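Asker: Sharing a structure here in structure tokens format.
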Amino acid sequence: MKDWKASASALYDGEFRPMFINGSWCEARSGEVMDARNPADGTLLATVPKGGKADIDAAVSAARTAFEGPWSKWTPFERQALLLRIAERFEAEWESLCLSDTLDMGMPIQRTLANSRRVLGMLRFYAGQAVTIHGQTIPNSFPGEIYSSTVREPIGVVGAIIPWNAPIAGSIWKIAPAIATGCTVVLKPSEEASLTVLMIARIMQEAGLPDGVLNIVTGLGADAGAALAEHPGVAKIVFTGSTATGQAIARAATGNLKRVSLELGGKSPVIVCRDADIEKAVPVAAMSVFANSGQICIAGSRLFVAREIHDEFVRRVAEFAANLRIGHGIQDDTDIGPIISARQAERIAGYLSAGPTEGAEIVTGGARVEGAGFEGGHFFHPTVFGGVTDDMSIAREEIFGPVISAMPFDDIDEVVARANATPYGLAAGVFSTHLGTAHKLAHRLKAGSVWVNMYHAIDPAVPFGGVKMSGYGREGGTEHMEEYLDTKAIWINTD
Ligand code: NAD
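Numbering of the sequence shown is given in the UniProt record's numbering, commencing with residue 1 and proceeding in unit increments.
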């Protein structure tokens, strides 16, 4: 086993870490800083600039200058080569990147390390996409020799705002398509987890990213985030976060009618049919929520189980949950790490008491983890609620913690109606060995992704995103490039 503790103290020692504007490492113009703390024990990892409107203005101006200047001369093949160099550097520094994330936001190290297939795959996938962008020659209805064609152009400065729960993949999903298309980026990471994103900027700079193409402004949402969302120099906001913030961003974007894509919250259903392979379904249904301590947008937090197998299935999910190892992310055998902050922990605790008050029964968990080894952090026992009804708050609202609400169902029509009766539509899971049932459910569920006999598959080549109040726009897949491109029509009269 690796001594992650020793590597951790070498990585962060409580010192100031500057942010990144126009290729320079700088303080906030106000001089203000904020703490970056380890959510497992509250220790100070570093301080980072508390950037605000003036810093966003400087970053947007740098991004605009790069967009209109030297960066616009880079060929798609040069941008592709840059992304491939970045991928190589990521591979070489993968352990440090993962350790940084584990320290800064708590995700167990074995889980961050396991994400390399996806993240390196993303960088290489977008490198491939860079050289596929092209327009069309389109016959038109005009008489004479008038030719029409299209070209695809990068939209300009992209403002990216991300949450804390997956800083590496979350930021690469915003930055890599921008590099592929020739856009430039101002990225505001979550105030809860800025450190790895700053490390990513350093790696990209060392790989040859020109000044101004990527700018990182650390700071608060209401401050730096809001300034970015309303900035007239930004052509598009790509946002991942809560539905309420997504609504605020969509409103702020109206000033210059900037484009917006939103990856928001969810209350995703997992449906276990009576013909499901229970052995396989139990761990997947459990980890659809408990992975990353439930701090996952696609958490399958409404567990619908066919009545015939409900009690047995829920008992086994609870048993699985009770055996998960809770601990600091840097312990190699940790399954469940800490919750990011006191504020989020309070939210989760509120739902743990609302459940029984509204009539649900705690099958397992239901409380914080206290005692030696857990001081200074916010840890919860993975929780399964039984006896849940559709109207309870734990069945309707996104908890963003390790909490499953289990409910029986009787037939397919009923469960489809209940699963779809939510303002959200991010993801859904189906467990069935019957091909027809699996197909029927996959087509009738209103969600951006439906997984059958699996969960949580997110791939560079496959589009991901939500419907309804889980947002709009897609990340991943060739469609993703559309989010960063405009189409220009060119007409030529040759007479
Ligand atoms: P959040 O909305 O509070 O914050 C997300 C980001 O927005 C942060 O960087 C924050 O500083 C910034 N922000 C806050 N207020 C802002 C404002 N007024 N203007 C501009 N920016 C602002 O979300 P969170 O609590 O960090 O993350 C949890 C939420 O994110 C959950 O709802 C979860 O479902 C969602 N999420 C969705 C996905 C997805 O892909 N759909 C992925 C991860 C998380």
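Where a beta carbon is used, it is the ideal one built from N, C-alpha and C, also for glycine. This structure is a prediction, so every number in the text was calculated from the model and none was measured.
Would F385 and R368 be called neighbours here (beta carbons separated by less than 9 Å)?
Answerer: The residue you call residue 385 lines up with position 385 of the sequence shown. The residue you call residue 368 lines up with position 368 of the sequence shown. Their beta carbons are not under 9 Å apart, which means F385 does not touch R368 by this criterion.
Asker: Between the Cα of I56 and the Cα atoms of M287, R79 and V158, which residue gives the shortest distance?
Answerer: As a position in the sequence shown, residue 56 is number 56, starting the count at 1. When only C-alpha atoms are compared, the closest one is V158.
Asker: Specify, as a first and last residue, the run of the alpha helix (DSSP H) that Y126 falls within.
Answerer: For the purposes of this step, residue 126 is identified with residue 126 of the sequence shown, where counting begins at 1. Where Y126 is concerned, the enclosing alpha helix (DSSP H) stretches over S116 to A130.
Asker: From F320 to P283, what distance separates their C-alpha atoms?
Answerer: In the sequence shown, counting from the first residue as 1, residue 320 sits at position 320. In the sequence shown, counting from the first residue as 1, residue 283 sits at position 283. For F320 and P283, the distance between alpha carbons rounds to 7 Å.
Asker: Would you say the beta carbon of N165 comes nearer than 8 Å to a heavy atom of the ligand NAD?
Answerer: If you number the sequence shown from 1, residue 165 lands on position 165. N165 Cβ: within cutoff of the ligand NAD.
Asker: Assuming D332 and Q110 are in contact, meaning their beta carbons sit under 8 Å apart, how far apart are those beta carbons, in whole angstroms?
Answerer: Your numbering for residue 332 matches position 332 in the sequence shown. Your numbering for residue 110 matches position 110 in the sequence shown. Contact flag correct, Cβ pair sits at about 6 Å.
Asker: Tell me which same chain residues have a C-beta within less than 8 Å of the C-beta of T347, skipping the five on either side of it?
Answerer: Indexing the sequence shown from 1 puts residue 347 at position 347. Note that residue 347 corresponds to Arg in the displayed sequence, not to Thr. Same-chain partners within the cutoff: I399, F400 and G401.
Asker: Residues in its own chain within less than 6 Å of G241 by CB, not counting five upstream and five downstream?
Answerer: Residue mapping note: residue 241 aligns to position 241 of the sequence shown, counting from 1. Taken in chain order, the residues that qualify are P163.
Asker: Within 10 angstroms of its Cβ, does H434 collect 16 or more other Cβ (buried), or is it exposed?
Answerer: Residue mapping note: residue 434 aligns to position 434 of the sequence shown, counting from 1. The residue in question, H434, is exposed, as its Cβ has fewer than 16 Cβ neighbours within 10 Å.
Asker: Residue range of the beta strand (DSSP E) that R152 falls in?
Answerer: Stepping through the sequence shown from its first residue, residue 152 is reached at position 152. Element bounds for R152: I146 to P154.
Asker: Cβ atoms of L83 and R118: under 9 Å apart, would you say?
Answerer: Residue numbering aside, residue 118 sits at position 118 when the sequence shown is read from its first letter. Residue numbering aside, residue 83 sits at position 83 when the sequence shown is read from its first letter. No, Cβ-Cβ distance for R118 and L83 is not below 9 Å.
Asker: Classify Y455 as helix, strand or coil using the three-state DSSP reduction.
Answerer: Taking the first residue of the sequence shown as position 1, residue 455 is located at position 455. Three-state result, Y455: coil.
Asker: Between which two residues does the alpha helix (DSSP H) harbouring S171 extend?
Answerer: Residue mapping note: residue 171 aligns to position 171 of the sequence shown, counting from 1. From DSSP, the alpha helix (DSSP H) with S171 extends over P167 to T181.
Asker: When the Cα of A226 is compared with those of T254, C98 and H439, which residue comes out closest?
Answerer: Taking the first residue of the sequence shown as position 1, residue 226 is located at position 226. Nearest C-alpha to A226: T254.
Asker: Going along the chain, which unbroken runs of the alpha helix (DSSP H) with 4 or more residues stay wholly within the region 200-275?
Answerer: The region 200-275 contains these whole alpha helix (DSSP H) runs: 226-229 and 243-252.
Asker: Look up G337 in the DSSP assignment and say whether it is helix, strand or coil.
Answerer: One-based indexing of the sequence shown puts residue 337 at position 337. Here G337 sits in coil by DSSP.
Asker: With distance defined between alpha-carbon atoms, name the residue in M407, A66, F77 and I138 nearest to P269.
Answerer: The residue given as residue 269 occupies position 269 in the sequence shown. The candidate whose alpha carbon is nearest that of P269 is M407.
Asker: With H, G and I counted as helix, E and B as strand and the rest as coil, what does DSSP make of Y351?
Answerer: Locating residue 351 in the sequence shown gives position 351, where the first residue counts as 1. DSSP places Y351 in helix when its eight states are reduced to three.
Asker: Go to I492, then tell me how far its alpha helix (DSSP H) extends in each direction, as first and last residue.
Answerer: Numbered from 1 along the sequence shown, position 492 holds the residue referred to as residue 492. No alpha helix (DSSP H) holds I492; the beta strand (DSSP E) holding it covers L485 to N493.
Asker: What residue does the alpha helix (DSSP H) around A87 start on, and which one ends it?
Answerer: Here residue 87 is taken as the residue at index 87 of the sequence shown, counted from 1. Note, A87: alpha helix (DSSP H), P76 to A92.
Asker: Tell me whether P39, by its Cβ, gets closer than 8 Å to a heavy atom of the ligand NAD.
Answerer: The count along the sequence shown starts at 1 and reaches residue 39 at position 39. No, the Cβ of P39 stays beyond 8 Å of every heavy atom of the ligand NAD.
Asker: What's the C-alpha gap between P154 and Y484?
Answerer: Indexing the sequence shown from 1 puts residue 154 at position 154. Indexing the sequence shown from 1 puts residue 484 at position 484. Going from the Cα of P154 to the Cα of Y484 covers about 6 Å.
Asker: Specify, as a first and last residue, the run of the beta strand (DSSP E) that W25 falls within.
Answerer: Looking up residue 25 in the sequence shown gives position 25. First-last of the beta strand (DSSP E) with W25: S24 to C26.
Asker: Between Y126, L44 and S470, which has its C-alpha nearest L264's C-alpha?
Answerer: Within the sequence shown, residue 264 is the residue found at index 264, counting from 1. Of the candidates Y126, L44 and S470, the one whose C-alpha sits nearest the C-alpha of L264 is S470.
Asker: Helix, strand or coil: how does DSSP classify T184 here?
Answerer: Here the question's residue 184 lines up with position 184 in the sequence shown. Reduced to three states, the DSSP call for T184 is strand.
Asker: For P210, which residues from the same chain have a beta carbon less than 7 Å from its beta carbon, with the 5 sequence-adjacent residues on both sides left out?
Answerer: One-based indexing of the sequence shown puts residue 210 at position 210. A66, P70 and W71.
Asker: Considering only their Cβ atoms, is the gap separating T102 from G350 smaller than 9 Å?
Answerer: Here residue 350 refers to the residue found at position 350 when the sequence shown is read from its first residue. Here residue 102 refers to the residue found at position 102 when the sequence shown is read from its first residue. No.
Asker: Tell me, to the nearest whole angstrom, how far the beta carbon of M392 is from that of A360; I am working on the premise that it is less than 8 Å.
Answerer: Counting from 1 along the sequence shown, the entry for residue 392 is found at position 392. Counting from 1 along the sequence shown, the entry for residue 360 is found at position 360. About 6 Å; that satisfies the 8 Å criterion.
Asker: Going by beta carbon distance, what residues of the same chain come within less than 7 Å of K440, once the five residues before and after it are set aside?
Answerer: The residue you call residue 440 lines up with position 440 of the sequence shown. Within the same chain, K440 has close Cβ partners I412.
Asker: How is residue 497 classed by DSSP in three states: helix, strand or coil?
Answerer: An answer regarding residue 497 cannot be provided, because it is not within the stretch 1 to 495 covered by the chain.
Asker: Apart from the five residues just before and just after K5, which ones in its own chain have a Cβ nearer than 7 Å to its Cβ?
Answerer: In the sequence shown, counting from the first residue as 1, residue 5 sits at position 5. Hits under 7 Å: I330.
Asker: Beta strand (DSSP E) containing I21: first to last residue?
Answerer: Numbered from its first residue, the sequence shown carries residue 21 at position 21. It spans M19 to I21 - the beta strand (DSSP E) in which I21 sits, taken as one unbroken run.
Asker: Mind reading off the beta-carbon distance from E93 to I203? Whole number of angstroms is fine, and I expect it under 8 Å.
Answerer: By one-based count along the sequence shown, residue 93 stands at place 93. By one-based count along the sequence shown, residue 203 stands at place 203. The pair is a contact, with the Cβ atoms about 6 Å apart (cut-off 8 Å).
Asker: Kindly list the residues whose CB is nearer than 7 Å to the CB of F464, restricted to its own chain and excluding five residues on each side of it in sequence; keep chain order.
Answerer: Looking up residue 464 in the sequence shown gives position 464. For F464, where only same-chain residues beyond five positions count, the Cβ hits under 7 Å are G448, S449, I458, R474, E475 and G476.
Asker: For the candidate residues K488, E375 and G156, whose alpha-carbon lies nearest to that of I339?
Answerer: For the purposes of this step, residue 339 is identified with residue 339 of the sequence shown, where counting begins at 1. It is E375.
Asker: Among all the DSSP beta bridges, which residues are the ones paired with P108?
Answerer: Sequence index remark: in the sequence shown, residue 108 carries index 108 (1-based). According to DSSP, P108 bridges with nothing at all.
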